[in-house]
Amino acid sequence: MSKRFSTGQSNTLLNYFQSPKSSNGKDVKQNGAGKRDLVSNKDEGDVSPVQAKKRKKTTIIDSDSDDEHLPIQPTSKKSKNGKKRPVSDSDSESSDSDSKPAEKSLKLSASKTNEKSAAKAAPIVSDLNTNWLHNRLDFLQPDKIRDVNKRRPDDPDYDPRTLYIPQSFLEKQTPAMRQWWVLKSTHMDSVLFFKVGKFYELYHMDAVVGVTQLGFSYMKGEFAHSGFPESAYHKMANALIEKGFKVARTEQTETPEMMAERCKKQGRATKFDKVVNREICQISTKATCVYTAQLPDAMHSQSCYMYAIAEKDVTGSQRRFGICFIDTSIGVFKLAEFDDDKHCSKLLVCLSEYPPGLILTERKKLSSKLKLILNTNYRDVRRESLAPESQFYGASTTIEKLLNGNYFRNESNDLCLPEVLKNVTDGYNAKPEFELMVKALGGCLWYLHDSKLDIQVVSLGKFEIYQPLEMNVREKSPRSCMILDSVTIVNLNLLGEENSLQKTLDYCQTAFGKRLLTQWICRPLCVVEKIKERQEAVQELVKNTSLLKDAQDVLKKLPDLERQLAKIHTYGNKFFAQDHPDSRAVFYEAATYSKRRIGDLLKTLQGFELAQNLCPLFKGCQSSLLKRLTQFKPDGHYVDLTELLLFFKHAFDQEEAQKEGKIIPKPGVDENYDQAQDAIKAVTKKLDEYLVELQQFFGCKVTYFGSDKKRFQIDIPESHTKKVTSEYQLEGTKKGAKPSKRYSTSRSRQLLAEMMKAESERAKVIQDLNRRIFQKFSEKREQWEQAIDCITVLDVLCSLAQYACNFGQDICIPEIEPMGNSDKIVIENGRHPCITNIDNFVPNDTKMGVADFANILLITGPNMGGKSTLMRQIAIICIMAHMGGYVPASGCTLSLIDRIFTRLGAHDDIVQGQSTFLVELSEAAVMLHHATPHSLVLLDELGRGTSTHDGNAIATAYVEKLTTINCRTLFSTHYHSLVDHFEARRDVQLGHMACMVENDDDPTEESVTFLYKMARGRCPKSYGFNVARLSGLKHCIVSRGREISKQLENESKSRQVFRDLFTSSVATIRSAMSKLSLS
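Start counting the sequence shown at 1; every next residue gets the next number (full-length UniProt numbering).
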């Protein structure tokens, strides 16, 4: 366990813990705690420490403290000549007795009294200081800044990740500070966590991030500087990553002794050579998090994807895309190449289904259309443009890197290329139809390599072909799932945290279950048999609540097994252990990390052992799906892990391994270890046999004496040494009551040499033993993953069942019918699934496609009367029905829906320069182009954004076209003349949101009570003046508006009467006149 303070003198950060002096040289007492100081001299980059003076009292802090990331405020200490005296970097890093400022709570004290020390002192440097060195450096000024190739930001090839630093500036830096600047010059977009001893230091602009984002305090000095201890890395890194920063962890990859040996071999080493090597070991963003012993905990259960997008023109307005997107936390690559329409519909659906956290594109090759889409829909997502070929690899370069690297080589160094990659490649080239896709993979591959994550992620070998949904449903039938485009996913609020369908249905107990639920929502089933299979499973769980509870009790105890598999794979990867910078890193918390790795393995094994308990729970279940998910073969697909789990259970002492941080296998577990042990046993046997020979020769008890290199001396009682020959070399004597003499012989010395060699071999084996145990676990990954797949589906089914149990209102299993000539939707007492916080929510019936109820429903009604809510409610109920669960209604029957189209709410697109009217007509045009008789269309007030006449005419013509398609349609409108046009039609039904109106004649006192109930027929008015009054408009404006409205209404009625009169037949006119004369 590392301690916060130490009495050591040669520590890198020891200058931070000096006893502060007053100006007269006397010690200043500050609650018994040393303070952190920063040395500053004419070399602006100096980070060297001042030599420490011994202290009578040293405060110690437990490194596992929850508050260890809160540094104490610094004080300064000057040397006798009044200047701060630097110490060489090599000296400063030569001890592991590092110290660090105390946090706000000092837990232990080295003094006998064990008194508590105060944790805070007045800050030396104001956190608001902006006059730092980095703000004054010429090469960092906005008008002077250049990338590493001296290109200015207005250059199309400018690389914002890099920074040009003049050589003259670097020559003035101390060795460590020069290292920092060199690393920063190639990682300008990252916050460097720069390891110095036991601590990660943040300098210059990075220190400002530490202070403003993490609450650190500045250390005293000319340049900005803050930091924290190694043990708090995961807290600090997660905090910055969550805020959108890119974090680069930099480690010391040399000890001072190794540095000294290197310099010795160099002969004439410069001052810049006399500093321990440091390397960047991992760069993390939201979309490139690989969880390890250093970064053990995931902030979110949901995936955050890294995308690479390659594109090219095809014909006309179409484009061809190659995409690769990865969830780095579980190491799954999804690849696709497809032609897309002018709206990039398939790409947008993919981005909606699998939300990006990082998008990589090829520099200078981004089309204007894709650029507009990314700027509009994903303006808050991190984007990076990569240089063609050198960064965004071409297809051939990508394949060459994959084949020649160590990504897919086993322990015998044989190449084991994943099946998907075999299918898309032809030697060192991509097949023509997959060239863009492989190129996109190349962009991801370079980025992972640059982030030091490629071996961890790529070597998992988990590559899948992503099949984009075919937008034109007319071309493909039958379908495996319903199409929900990106617009529909947003308009129906299917994903997200606030009042979304995802949040509503999420009763998943596992992180991997939550991830699958998202996919089920975005891709509802469109096969009756599969839907009914899910329904039967959910029904059985709902009816057997004790089974549901028992299953969820097991599921909630499981760790994130998907991510655990990825972590353990990294721990066991031979090439990671040999070649990755982390394999060279000097960790002061190495023992802690070793225990975490073993803890991850044990936690995962315990998780799978717990999951085995699901099998007997579902032994007698009736659902065929539940049987497949929970029973061993031949009844189910769940893999029997009993033997595997027993192997690891008996492979080593798990409790001892967790305690000591190392695994010592039992016989038969590790061949190399067994061989090493056998070699030691063989030498031991020879020693025993030799000892018997000696006892027989001397005729008395003879023993071995000594330790280490002096072992196996032959201890002979002095009274029996007369038989000693010249072969025996005297090593020592023992006086006392039982005097003896100790000898060595050529045989004993030979056996000692053999023993030391065997022990040395065993030590080498033990050094790599943990990794090999992890590797043994990963070798069975296919079986582990098969179990996870079954558990994941079971968890989502339990989630749907739990939603049904918790709903508290009418709920039912919908009756799903196949697509036919007369598709329908019948919902009785339907409720909005996501609105659960309203006690008096009004349920509604919906009938479409049955007797007297046409497929197209025109909905009118007052503003705020619930039209949009009802439309969303119907669509979400249909999605839930296709997912295979219960729906919030007392009854529900519907025919399969191949796609849901939505146009809800008014919005313009400023970035693309599109008005509200253009946006809604573009979306409406897509509907007409792709809708089939099996689709569901939701249109909210089509035609707004232009004149009433134009809007009304377009809406009327649009509904006319929908009647020819005869798809199920919900069309809300305030155009009453549109309703007039279809009032007598049998292929369109009318409905309205009912309300009660009081004081209808007085607009200033008019009161509309919304009933939120849909009734048949039309609504006479939209009651817009009620909304005007509620909004706070003055009475005079409302009254005047009402007068004008009456006038316009009368004029409209007069025109309608005139048109009716002059378009009627002579007989009709005579009949009307006769009636007038009679009256």
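Yeah, the Cβ is synthetic: ideal placement off N, Cα and C, and Gly gets one too.
1. Which word fits N770, buried or exposed, when buried means at least 16 other C-beta atoms lie within 10 angstroms of its C-beta?
2. Report the rounded CA-to-CA distance for K246 versus I283, giving the unit in angstroms.
3. Find out if the Cβ-Cβ distance for the pair R873, H832 is shorter than 8 Å.
4. If you reduce the DSSP assignment to three classes, tell me which class R1070 lands in.
5. Please classify S740 as buried or exposed, where buried requires at least 16 neighbouring CB atoms within 10 angstroms.
6. In chain order, what residues of the same chain lie with their CB nearer than 6 Å to the CB of Q179, ignoring the 5 residues before and after it?
7. What does a CB cutoff of less than 7 Å around H134 pick up in its chain, not counting 5 residues either side in sequence?
8. Looking at D823: is its Cβ nearer than 8 Å to the Cβ of R479?
9. Counting C-beta neighbours from all protein chains within 10 Å, is the total for N573 16 or more, i.e. buried, or is it exposed?
10. Could you compute how far the alpha carbon of C995 sits from the alpha carbon of K1034?
11. State buried or exposed for K556, treating a residue as buried only when at least 16 other CB atoms are found within 10 Å of its CB.
12. Mapping the DSSP letters down to three states, classify N277 as helix, strand or coil.
13. How close, in whole Å, do the beta carbons of L541 and I521 come, if the pair is a contact with beta carbons under 8 Å?
14. Measuring alpha carbon to alpha carbon, tell me which residue in K681, N493, G668, Q658 is nearest T869.
15. Using DSSP's beta-bridge definition, name the partner residues of D340.
16. Hey, out of C324, D553, L469, N375, whose CA is closest to V458's CA?
17. Assuming D640 and F632 form a contact by the criterion Cβ under 8 Å, report the distance between their Cβ atoms to the nearest whole angstrom.
18. At what residue ranges does the segment 180 to 256 contain a whole run of the alpha helix (DSSP H), taking only runs of 4 or more?
19. Span of the beta strand (DSSP E) holding I859?
20. Near Q391, what residues of its chain come up, given a Cβ to Cβ distance below 7 Å and the 5 sequence neighbours on each side ignored?
21. Going by DSSP in three states, L436 sits in which element: helix, strand or coil?
22. Give every residue of the same chain whose Cβ lies closer than 7 Å to the Cβ of L752, excluding the five residues on either side of it in the sequence, and list them in chain order.
23. Going by DSSP, what residue range makes up the beta strand (DSSP E) through C892?
24. Excluding the 5 residues flanking residue 1159 on each side, which residues of the same chain have their C-beta closer than 8 Å to its C-beta?
25. Exposed or buried, what is N806 when buried is set at 16 or more other beta-carbons lying within 10 Å of its beta-carbon?
26. Buried or exposed, going by whether 16 or more other CB atoms sit within 10 Å of the CB of E920?
27. Quick test of the definition: if touching needs 3 or more C-beta pairs under 8 Å, does the segment 612 to 622 touch the segment 590 to 603?
28. Identify which residue in L403, L939, L904, I788 has its Cα closest to the Cα of T510.
29. I'd like the list of long-range same chain contacts for L202, defined as Cβ closer than 6 Å, with 5 residues on each side in sequence excluded.
30. Buried or exposed: where does S1074 fall if 16 or more other Cβ atoms within 10 Å of its Cβ makes it buried?
31. With a Cβ-Cβ cutoff of 8 Å, do S748 and E727 count as a contact?
32. Quick one: grab the DSSP three-state call for L730.
33. When DSSP labels each residue in this structure, what does N375 get in the three-state scheme?
34. Can you tell me the Cα-Cα spacing of V765 and V586, whole angstroms?
35. Ignoring anything shorter than 4 residues, give me the alpha helix (DSSP H) runs that lie fully in the segment 716 to 765, in order along the chain.
36. Closest to A336 by C-alpha separation, out of I330, M236, V349, K342, would be which residue?
Reading it off the structure:
1. Stepping through the sequence shown from its first residue, residue 770 is reached at position 770. Counting the other CB atoms within 10 Å of its CB gives N770 a total of 16 or more, which places it among the buried residues.
2. On the sequence shown, position 246 is the one that residue 246 refers to. On the sequence shown, position 283 is the one that residue 283 refers to. In a straight line, the C-alpha of K246 is about 7 Å away from that of I283.
3. Along the sequence shown, one-based indexing puts residue 873 at 873. Along the sequence shown, one-based indexing puts residue 832 at 832. In the sequence as displayed, the identity of residue 873 is Gln instead of Arg. Yes, these two residues count as a Cβ contact at 8 Å.
4. The residue labelled residue 1070 in the question sits at position 1070 within the sequence shown. Three-state result, R1070: helix.
5. Working through the sequence shown from its first residue, we reach residue 740 at position 740. That one is buried.
6. Counted from its first residue, the sequence shown places residue 179 at position 179. So the list reads R278, once near-sequence residues are dropped.
7. Position 134 of the sequence shown, counted from the start, is the residue given in the question as residue 134. For H134, the CB contacts under 7 Å within the same chain, skipping 5 residues up- and downstream, are L140, H204, M205, F223, A224 in chain order.
8. Counted from its first residue, the sequence shown places residue 823 at position 823. Counted from its first residue, the sequence shown places residue 479 at position 479. For D823 and R479, no; Cβs fall outside 8 Å.
9. Indexing the sequence shown from 1 puts residue 573 at position 573. A residue is called buried once 16 or more other Cβ atoms fall within 10 Å of its Cβ, and N573 is buried on that count.
10. Taking the first residue of the sequence shown as 1, we reach residue 995 at position 995. Taking the first residue of the sequence shown as 1, we reach residue 1034 at position 1034. Straight-line spacing of the CA atoms in C995 and K1034 works out to 24 Å.
11. Counted from its first residue, the sequence shown places residue 556 at position 556. Exposed is the call here.
12. For the purposes of this step, residue 277 is identified with residue 277 of the sequence shown, where counting begins at 1. N277 falls in the coil class under three-state DSSP.
13. The sequence position of residue 541 within the sequence shown is 541, counting from 1. The sequence position of residue 521 within the sequence shown is 521, counting from 1. The pair is not a contact, with the Cβ atoms about 19 Å apart (cut-off 8 Å).
14. As a first step, residue 869 is located in the sequence shown; it is residue number 869 there, counting from the start. Closest option to T869, judged by alpha-carbon separation, among K681, N493, G668, Q658: N493.
15. Mapped onto the sequence shown, residue 340 falls at position 340. The bridge partners DSSP lists for D340 are R319.
16. Along the sequence shown, read from residue 1 onward, the residue named residue 458 stands at position 458. Ranking C324, D553, L469, N375 by Cα distance to V458 puts C324 first.
17. To locate residue 640, count along the sequence shown from 1; it is residue 640. To locate residue 632, count along the sequence shown from 1; it is residue 632. In this structure D640 is in contact with F632, their Cβ atoms being roughly 5 Å apart against a cut-off of 8 Å.
18. Complete alpha helix (DSSP H) runs here, min 4: 204 to 214, 233 to 242.
19. Taking the first residue of the sequence shown as 1, we reach residue 859 at position 859. That run of the beta strand (DSSP E) goes 856 to 860.
20. Taking the first residue of the sequence shown as 1, we reach residue 391 at position 391. Closer than 7 Å at the Cβ level, and outside the excluded window around Q391, lie W446.
21. The sequence position of residue 436 within the sequence shown is 436, counting from 1. DSSP places L436 in helix when its eight states are reduced to three.
22. Position 752 of the sequence shown, counted from the first residue, corresponds to residue 752. Its chain contains R711, F712 as the residues whose beta carbon lies nearer than 7 Å to that of L752, once the 5 sequence neighbours on both sides are disregarded; these appear in chain order.
23. What you label residue 892 is simply residue 892 of the sequence shown in a count that begins at 1. Here the beta strand (DSSP E) through C892 covers 891 to 895.
24. Nothing about residue 1159 can be reported from this structure: the residues present for the chain run from 1 to 1079 only.
25. In the sequence shown, the residue the question calls residue 806 occupies position 806. Classification of N806: exposed, given that the 10 Å Cβ count is below 16.
26. On the sequence shown, residue 920 is found 920 positions in, with the first residue counted as 1. Buried, because 16 or more other Cβ atoms sit within 10 Å of the Cβ of E920.
27. Short answer: they don't touch.
28. For this step, residue 510 is matched to residue 510 along the sequence shown. Comparing C-alpha distances from T510 to each of L403, L939, L904, I788 shows the shortest one belongs to I788.
29. Numbered from 1 along the sequence shown, position 202 holds the residue referred to as residue 202. So the list reads G210, S226, G227, once near-sequence residues are dropped.
30. The residue you call residue 1074 lines up with position 1074 of the sequence shown. So S1074 counts as exposed.
31. Your numbering for residue 748 matches position 748 in the sequence shown. Your numbering for residue 727 matches position 727 in the sequence shown. Contact: no.
32. Here residue 730 refers to the residue found at position 730 when the sequence shown is read from its first residue. Here L730 sits in strand by DSSP.
33. Here residue 375 corresponds to residue number 375 of the sequence shown, with the count starting at 1. It is helical.
34. Here residue 765 refers to the residue found at position 765 of the sequence shown. Here residue 586 refers to the residue found at position 586 of the sequence shown. Cα atoms of V765 and V586: separation of roughly 20 Å, rounded to the nearest angstrom.
35. Counting only runs of at least 4 residues, the segment 716 to 765 fully encloses no alpha helix (DSSP H) element at all.
36. Start at 1 with the first residue of the sequence shown, and residue 336 comes out as number 336. Selected option, being the one with the closest Cα: V349.
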